[in-house]
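These notes concern the structure reproduced below.
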Amino acid sequence: MNKTFRWKFGLILATLLVFAYGIFGIPQSFSGEGLLAAMHKRINLGLDLRGGIHLILQVQVNDAVNADSDRAIERLKDILRDSKITYTDVSKPDPQNAPDRIVLKGVPLDSGSALRTGVADKLPEYDLTSGAENSWTLAMKPNLLSDLKNHAVTKRLRPSVAALTPSA
-9 MNKTFRWKFG
1 LILATLLVFA
11 YGIFGIPQSF
21 SGEGLLAAMH
31 KRINLGLDLR
41 GGIHLILQVQ
51 VNDAVNADSD
61 RAIERLKDIL
71 RDSKITYTDV
81 SKPDPQNAPD
91 RIVLKGVPLD
101 SGSALRTGVA
111 DKLPEYDLTS
121 GAENSWTLAM
131 KPNLLSDLKN
141 HAVTKRLRPS
151 VAALTPSA
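The numbers in this note's numbering rise by one with no breaks, and the one at position 38 of the sequence shown is 28.
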């Protein structure tokens, strides 16, 4: 029994020494400082263990444009109601790829000037063009669309950058 115990103890000790060598290497001295120096030399802490962070932000600018065009649709409905202009449908035909486009259908021909006036007064950020079959298209002006997208990105990034700035 004693012989079996020594053999198992020797095997366990040899295994521990091999793994300790793999972790620490051969230290220059066997003092506490030498072992600690060998450990710092061989073990590289990851960003998470050093207290850092790596953050990837993805801003969905189309969501901001969709929200703005939804508000524009509500304002357009108010314009139509206040001007007593009848219509059949107000929609965004492609909210994923062109969220800045609004289509107004079924407007009578004699209501075109009242519609132009109302849109020019209350929706100046949109261009109004007439289409086929009594339809009208509102498209956000390109420079304002670009400004809205840039604002969405800077507005989303500003709090995160402030949170990552190290404090003294």
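Cβ coordinates follow ideal geometry from the N, Cα and C atoms, glycine included.
For residue i, count neighbouring C-beta atoms within 10 Å of its own C-beta (all shown protein chains included) and say buried if the count is 16 or more, exposed if not.
i, result
"GLY22", "exposed"
"SER59", "buried"
"VAL80", "buried"
"GLY0", "exposed"
"VAL8", "exposed"
"TRP126", "buried"
"SER26", "It is worth fixing the name first, because residue 26 is Leu in this sequence and not Ser. Exposed: under 16 other Cβ atoms inside 10 Å."
"LEU66", "buried"
"ALA4", "exposed"
"PHE28", "For the record, residue 28 in the displayed sequence is Ala; it is not Phe. Counting Cβ neighbours within 10 Å, ALA28 comes out buried, since at least 16 surround it."
"PRO83", "exposed"
"PRO132", "exposed"
"ALA10", "exposed"
"ASP90", "buried"
"LYS(-2)", "exposed"
Going by C-alpha distance, which of the options is nearest residue i?
i, options, result
"VAL97", "ARG71, LEU39, ASP84, ASN34", "ARG71"
"ALA169", "VAL93, THR107, ASP100, LEU99", "It is not possible to answer for residue 169, since the shown part of the chain is limited to -9 through 158."
"ASN34", "PHE(-5), HIS44, PHE14", "PHE14"
"SER120", "ASN52, VAL49, GLY102", "GLY102"
"PRO85", "THR78, ASP53, ASP111, ASP68", "ASP53"
"ALA122", "GLY24, ASN87, SER73, LYS95", "LYS95"
"ARG40", "VAL49, LEU47, GLN48, HIS30", "HIS30"
Less than 8 Å between the beta carbons of residue i and residue j, yes or no?
i, j, result
"ALA167", "LEU113", "Residue coverage of the chain in this structure runs from -9 to 158, which leaves residue 167 outside it and unanswerable."
"ASN124", "LEU99", "yes"
"VAL51", "VAL143", "yes"
"VAL55", "LYS139", "yes"
In the segment 18 to 89, which residue ranges form an unbroken beta strand (DSSP E) of at least 3 residues, counting only runs that do not cross its ends? Counting only unbroken stretches of 3 or more residues, the beta strand (DSSP E) elements lying wholly within the segment 18 to 89 are 79 to 81, in sequence order.
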